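Quick notes on the structure that follows.
Residue numbers (the numbering used here): 2 to 271.
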């Protein structure tokens, strides 16, 4: 009798474990499918933001958040250190074939790479302006900026939905996904990553409270979209590199990011 009860307990326990395992496996598979769809989009809603100074250009990441061409990025990209001033001259570019984009681009760049024979890669550039809230580039004092692409709106831009209408809540240990071109400074380079970052803490910065996440990044990933369940929940602001004296960049450490939500920009897009 006792043996039968133990056998039943083992059987139902094993069955429950299998249900949990397969549910988890399905969730992981569904998440990966979402990421594959985003990475395969043509054109992608993930862009490179460029601010020009007198002699140099700053480049970072960005994400389109409306079909009209509003783009969220990190506001510090607008600061040109050598000029000691903010840029008012911006371009936003889409990497890929350039098909199904609205017309109005001001430059098309085509290049080839030695590891792909007889294949060319393209980047389409548009003029853009930074939208100021109460005369300020930094939205709400945060390291966030909203840009508007200038185009002939015969077609809509691809865009990513916000995760929430109002300010979302974040828990330690949550896994989000950072979206970024690995080489934003190399025109038309298609290498694009969506990699996990894990929320581990918070940071008090000059632009307010930010969340800290641990994971892979590259120099130039500032402004990159951070996704939860395939939707936009944050924008990367800064990166804190591993101590790598005389070694060079080790692109694994901490990033900080601001949370974003739809109502946050409603006064600028209406």
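All C-beta atoms, glycine included, are put in the ideal place defined by N, C-alpha and C.
Keep in mind that this is a model prediction, so the values were computed, not measured.
Fill in: Reduced DSSP secondary structure (H/G/I, E/B, other) of residue 146
strand
Worksheet item: From residue 226 to residue 195, what distance separates their C-alpha atoms?
Response: 9 angstroms
Worksheet item: Out of curiosity, what's the CA-to-CA distance linking residue 191 and residue 37?
Response: 15 angstroms
Practice prompt. Quick one: grab the DSSP three-state call for residue 97.
Written response: coil
Worksheet item: Per DSSP, residue 80 is paired with what?
Response: 87
Worksheet item: Would you call the segment 123-131 and the segment 77-95 touching, i.e. three or more CB-CB distances under 8 angstroms?
Response: yes
Worksheet entry | Top-ranked residue by Cα proximity to residue 62, from 234, 238, 167 | 238
Worksheet item: Between the beta-carbon of residue 79 and the beta-carbon of residue 155, is there less than 9 angstroms?
Response: no
Discussion item. Suppose the cutoff is 7 angstroms on Cβ atoms and the five residues either side in sequence are ignored; what does the same chain contact list for residue 54 look like?
Written reply: 81, 83, 84, 88
Fill in: Inter-residue spacing [alpha-carbon to alpha-carbon] between residue 22 and residue 31
Legend: pLDDT at residue 22 = 45, less than 50; position of this residue unreliable, value from coordinates given subsequently. Answer to the nearest angstrom: the Cα atoms are 14 angstroms apart.
Item to complete: Using the Cα positions of residue 157 and residue 271, report the straight-line distance between them to the nearest angstrom.
Response: 17 angstroms
Fill in: Contact belief for residue 109 with residue 123 at Cβ below 8 angstroms, rounded distance in angstroms
6 angstroms
Worksheet item: Can you list, in chain order, the residues of its chain whose CB lies under 6 angstroms from that of residue 263, leaving out five sequence neighbours each side?
Response: 163, 166
Fill in: Proximity winner among 105, 86, 173, 206, relative to residue 56 (alpha-carbon distances)
86
Discussion item. Taking the straight line between their C-alpha atoms, what separation do you get for residue 296 and residue 211?
Written reply: Residue 296 lies beyond the range of the chain shown here (2 to 271); nothing can be said about it.
Worksheet item: Can you tell which of 180, 105, 33 has its C-alpha closest to the C-alpha of residue 235?
Response: 180
Discussion item. Please list the terminal residues of the continuous alpha helix (DSSP H) segment that includes residue 269.
Written reply: 267-270
Item to complete: Give me the Cα-Cα distance between residue 209 and residue 125, rounded to the nearest whole angstrom.
Response: 34 angstroms
Discussion item. Excluding the 5 residues flanking residue 261 on each side, which residues of the same chain have their C-beta closer than 8 angstroms to its C-beta?
Written reply: 73, 145, 163, 233, 234, 235, 236
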